[in-house]
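Take 0 as the starting number for the sequence shown in numbering that gives the first Met the number 0 and just add one per residue.
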Amino acid sequence: MPRPRAPSATSEEIGGTEEQQLQEQELGSMYDYLAKIILLGPSGSGKSCLLHRFINQSFRVLSSQTIGVEFSSKIVKIGTPPNGKRIKLQLWDTAGTERFRSVSRSYYRGAAGAILVYDVASLKSFADLPTFLMDARALASPGLVCAVAGNKSDLADPPPTANGVPVCMEVSALTGDRVDELFNRLAGIILTKIELGEIDPDDPRSGIQYGDVAGWDGIGSGSGSGTAAAAADDGSLRRRKKGGTRGGRIVLSEWADVFRPPGSRSKRCC
Numbered sequence: 000m001p002r003p004r005a006p007s008a009t010s011e012e013i014g015g016t017e018e019q020q021l022q023e024q025e026l027g028s029m030y031d032y033l034a035k036i037i038l039l040g041p042s043g044s045g046k047s048c049l050l051h052r053f054i055n056q057s058f059r060v061l062s063s064q065t066i067g068v069e070f071s072s073k074i075v076k077i078g079t080p081p082n083g084k085r086i087k088l089q090l091w092d093t094a095g096t097e098r099f100r101s102v103s104r105s106y107y108r109g110a111a112g113a114i115l116v117y118d119v120a121s122l123k124s125f126a127d128l129p130t131f132l133m134d135a136r137a138l139a140s141p142g143l144v145c146a147v148a149g150n151k152s153d154l155a156d157p158p159p160t161a162n163g164v165p166v167c168m169e170v171s172a173l174t175g176d177r178v179d180e181l182f183n184r185l186a187g188i189i190l191t192k193i194e195l196g197e198i199d200p201d202d203p204r205s206g207i208q209y210g211d212v213a214g215w216d217g218i219g220s221g222s223g224s225g226t227a228a229a230a231a232d233d234g235s236l237r238r239r240k241k242g243g244t245r246g247g248r249i250v251l252s253e254w255a256d257v258f259r260p261p262g263s264r265s266k267r268c269c
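Right under this line is the structure:
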């Protein structure tokens, strides 16, 4: 007895499926705002591996030293429908070595946000961050938003806070631990400032551009919104009282005072 044939899809059903897939692809590439983000920090802190983990959700086994800059982008979703927004992060991985810094500094201009990365196992890499921060403030947008990330948390033994390294947010490019949270948190802070009117996308210096949608309905790619705390700098360091720096430089003691380890009594971090 012949086996009954399953009913074949009609041309209308096939056409409808293709149209739906095309619509999902188009929505997946649309966004409300474009934000330029720069990754800063000393050589060897793992900036390239961190960016690769965020973009590709995998660890970059072989990673050569960055010369100049490397560029990537990804759309993240912030909030929930119908009021959620899609932010396209334009991510610039900059060189950390001094001989390439003159090249990478030119890409700081017009940045809306910066992620300062250091190695949790290296106090020196943390001590080098103020120089990168001062360069970014001098060249990026006036309302630059910063987050500080201690990378390589998988290598920290004992925990970095016990080593005297003040951690604002521990991440691991190797395991992926809290990497998405870091980028999503920074995007969320920028979006909040836009909605509060503190950042004006119409200002060419803001590092923000309008996208092609006014909202999203849950369709498309992107990472979920992170809720973990990250150290955010809204420019308050610029308004520190006179005498807060030595010779125009932010010294480690002041840096540690602003970014305290989790669990500290100070409320100045996050």
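Glycine included, every Cβ here is placed at the ideal spot set by N, Cα and C.
- In this chain, the alpha helix (DSSP H) harbouring leucine 138 covers 128–138.
- In this structure, the straight-line span from the alpha carbon of valine 147 to that of proline 129 is close to 11 Å.
- In this structure, Gly40 is the residue among Asp202, Ile193, Gly40, Ile188 with its C-alpha nearest to the C-alpha of threonine 93.
- The alpha carbon of serine 152 has as its nearest neighbour, out of Ile189, Pro200, Gln56, Tyr117, the alpha carbon of Tyr117.
- Pairing serine 72 with alanine 111 gives a Cβ-Cβ distance that is not under 8 Å.
- In the structure shown, the three-state DSSP call for glutamate 197 is coil.
- According to DSSP, isoleucine 37 shares a beta bridge with Trp91, Ala113.
- A distance below 6 Å between beta-carbons, with the five flanking residues on each side excluded, links histidine 51 to the following residues of its chain, in chain order: Arg59.
- In chain order, Ser152, Asp153 place their CB closer than 6 Å to the CB of serine 171, counting only its own chain and leaving out the 5 sequence neighbours on each side.
- As computed with DSSP, valine 68 is found in a beta bridge with Thr93.
- Put simply, of Gly187, Glu194, Gly149, Leu195 the residue whose alpha carbon is nearest the alpha carbon of aspartate 176 is Gly149.
- Glutamine 56: not part of any beta strand (DSSP E); DSSP gives it neither H nor E.
- The Cβ-Cβ distance between leucine 33 and lysine 87 falls below 8 Å.
- Within 10 angstroms of the beta-carbon of glutamate 194 lie fewer than 16 other beta-carbons, which makes it exposed.
- The beta carbon of phenylalanine 182 is closer than 6 Å to those of Phe53 in its chain, skipping five residues each way along the sequence.
- For lysine 192, the number of other beta carbons within 10 angstroms of its own is at least 16, and it is reported as buried.
- Rounded to whole angstroms, the gap between the alpha carbons of alanine 120 and leucine 185 is 24 Å.
- Contact between isoleucine 207 and proline 200 holds, since their C-beta atoms are separated by about 4 Å, short of 8 Å.
- Within the model, the alpha-carbon separation for leucine 122 versus alanine 113 is close to 20 Å.
- Looking at the backbone, the Cα of leucine 143 and that of glutamate 197 are separated by about 11 Å.
- Between the alpha carbons of lysine 35 and tyrosine 106 lies a distance of about 10 Å.
- Rounded to whole angstroms, the separation of the alpha carbons of asparagine 82 and tryptophan 91 is 28 Å.
- If you draw a straight line from the Cα of aspartate 202 to the Cα of glycine 109, it comes to about 10 Å.
- The residues Arg104, Tyr107, Arg108, in chain order, have a CB closer than 7 Å to that of leucine 138 in the same chain once the five nearest residues on each side in sequence are set aside.
- Straight-line spacing of the CA atoms in serine 124 and glutamine 89 works out to 25 Å.
- Glutamate 180 and cysteine 167 have their C-alpha atoms spaced approximately 13 Å apart.
- Annotation: the continuous beta strand (DSSP E) that includes tyrosine 209 extends over 207–209.
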